[in-house]
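Numbering (the working numbering), first residue to last: 8 to 211. Where is the CB? At the ideal position from N, CA and C, for every residue including glycine.
This is the structure in structure tokens:
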């Protein structure tokens, strides 16, 4: 009976192992599925925004403002991340960009709500649209100014390096030039003297 009991224990352990493996696989599958569904919703939302932005009217203009705002914030984040990666001292600029991103997300939600209302309602709130435009202009202008400042810094850094490279190039080329050999100069003077003696009337 003992061998049969041992065999049952081994089978139970193997079964438990496979059950555990299946549970882990199911958990990972659900987690990946949730991420995929979240990405799919985000992508479908962006596609819908792009399609809606191609139309006319206030709703389409609002969708274009959303796309423009996302692009400006994304470009500014990339510029700041690149500067941080290069080791630049940016002070409070990364924190400022994070705050701009937060306000941009809030404005994006407000623009989306306004666009949805404009698509289903014939009544227009011109005051709200005017304020949305104003907030959009302020955030996008702030993003553009940050990127311009970073670009000016980058050009200043690279300009100093380029000037240094030019100076080093001039020095290296000058150092590679062959210095005249004094013996060669003596030989040249001697040859000229001999030519002048052989042709005394030559104006050379």
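Three-state class that DSSP yields for residue i in the structure shown
i	result
residue 97	coil
residue 131	coil
residue 184	coil
residue 64	coil
residue 8	Summary for residue 8: the model assigns pLDDT 47, below 50, so the residue's position carries little reliability, and this model does not support an answer.
Buried or exposed (CB count within 10 angstroms, at least 16 for buried), residue i
i	result
residue 86	buried
residue 79	buried
residue 129	exposed
residue 163	exposed
residue 122	buried
residue 22	exposed
residue 69	buried
residue 104	buried
residue 138	exposed
residue 109	exposed
residue 92	exposed
residue 118	buried
residue 175	exposed
residue 8	Any reading at residue 8 is ruled out, since the residue's pLDDT is 47, under 50, leaving its predicted position unreliable.
residue 199	exposed
residue 71	buried
residue 193	exposed
Inter-residue CB distance, residue i and residue j (contact presumed, cutoff 8 Å)
i	j	result
residue 157	residue 111	No, residue 157 and residue 111 are not in contact; Cβ-Cβ is about 18 Å, not under 8 Å.
residue 160	residue 95	7 Å
C-beta neighbour in chain C for residue i, strict 8 Å
i	result
residue 70	Among the chains of the structure shown, chain C does not appear; only one protein chain is present.
C-beta contact flag for residue i and residue j at 8 Å
i	j	result
residue 132	residue 76	no
residue 65	residue 120	no
residue 107	residue 146	yes
Any 3 or more C-beta pairs closer than 8 Å across the region 65–82 and the region 147–154:
yes
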